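Input: a single structure, listed below in structure tokens.
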């Protein structure tokens, strides 16, 4: 009798007891078991293994546990087969013959595979080589560099590289929770903004300009009055008969008074502008124009 026929026979015997089911999933498990057996007959071993697993999840029994292992073994998936054989030998009420056969096959597979034991954190899910188990658990993997993915109960994930060697057992304990994220180191405080330039008032600009213009006119006036004196001296030296010297003296005197008047006017305006300007810290500037005697 083939292994599959034995499974069917045991399943049939088990269903005789399901007339008074111990739990509601037994009917669904029986339906899935029949579908798994049909897939096994079609040599669709991977599909049979998945259906046997669903039947086992609905109603755990040694029959379906062995069916999962045998189907994965036939499918050539040594990792899943070893995992299923380990579950089978740990399942209660497994008959002695099948339990011994499962243990023998498991020992053979363990010589080809590496075993990774994950001890913490309890309740998390560990996955390697596409097979996931609830922690604490034993996972099988083909030799080589593998990635262990741990999904904690809070949804956080942890990935760790694992070197797997044939016939070797590695035990891993992972942290219960994800380490807190380090807060970024505060940088230096930002530099203060540059001080705004002092407010500019037109009086602070116009005042010095007017003062400068007033001084320039005052200097010009002084030069013109000097020319007036020179022409007057020439007129006196000619016995007061040189008409050109007289005309020049009169002309320079007129220009001198005009420029002096302009200097006085600008100086007065500058004084008003400067006195009304906001304080700027600058020293006040002033000048005085003295009357010059030019009569002759």
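Numbering (our numbering), first residue to last: 106 to 401. Every residue gets a Cβ at the ideal spot worked out from N, C-alpha and C, and that includes glycine. Fair warning: this is a prediction, and the values are worked out from it, not measured in the lab.
Residue i to residue j span [Cα, whole Å]
i	j	result
residue 152	residue 276	32 Å
residue 367	residue 346	33 Å
residue 211	residue 271	13 Å
residue 360	residue 373	20 Å
residue 231	residue 154	21 Å
residue 207	residue 144	21 Å
residue 178	residue 264	28 Å
residue 249	residue 268	6 Å
residue 203	residue 258	36 Å
residue 335	residue 354	8 Å
residue 180	residue 156	14 Å
residue 317	residue 337	30 Å
residue 139	residue 209	27 Å
residue 148	residue 182	14 Å
residue 256	residue 185	20 Å
residue 314	residue 294	44 Å
residue 229	residue 198	28 Å
residue 176	residue 137	14 Å
residue 260	residue 239	14 Å
Cutoff 8 Å: residue i Cβ touching any chain B Cβ
i	result
residue 265	Among the chains of the structure shown, chain B does not appear; only one protein chain is present.
Beta-carbon proximity check, residue i vs residue j, cutoff 8 Å
i	j	result
residue 322	residue 357	no
residue 187	residue 215	yes
residue 247	residue 223	no
residue 196	residue 241	no
residue 164	residue 131	yes
residue 251	residue 234	yes
residue 174	residue 150	no
First through last residue of the beta strand (DSSP E) which encompasses residue i
i	result
residue 142	Here residue 142 belongs to no beta strand (DSSP E); instead the alpha helix (DSSP H) covers 131–146.
residue 252	249–256
residue 244	242–246
residue 231	230–233
residue 263	262–269
residue 237	236–239
Enclosing alpha helix (DSSP H) for residue i [first to last residue]
i	result
residue 192	183–195
residue 155	150–163
residue 208	201–217
residue 176	167–180
Nearest residue (CA-CA) to residue i, options the options
i	options	result
residue 134	146, 172 and 150	172
residue 159	279, 141 and 344	141
residue 364	352, 290, 320 and 343	320
residue 226	281, 238 and 237	281
residue 333	342, 344 and 352	352
residue 325	260, 238, 266 and 369	369
residue 217	237, 162, 278 and 274	274
beta-carbon residue i near the ligand ADP non-hydrogen atom, thresh 7 Å
i	result
residue 171	Although the ligand ADP was asked about, the structure shown includes no ligands whatsoever.
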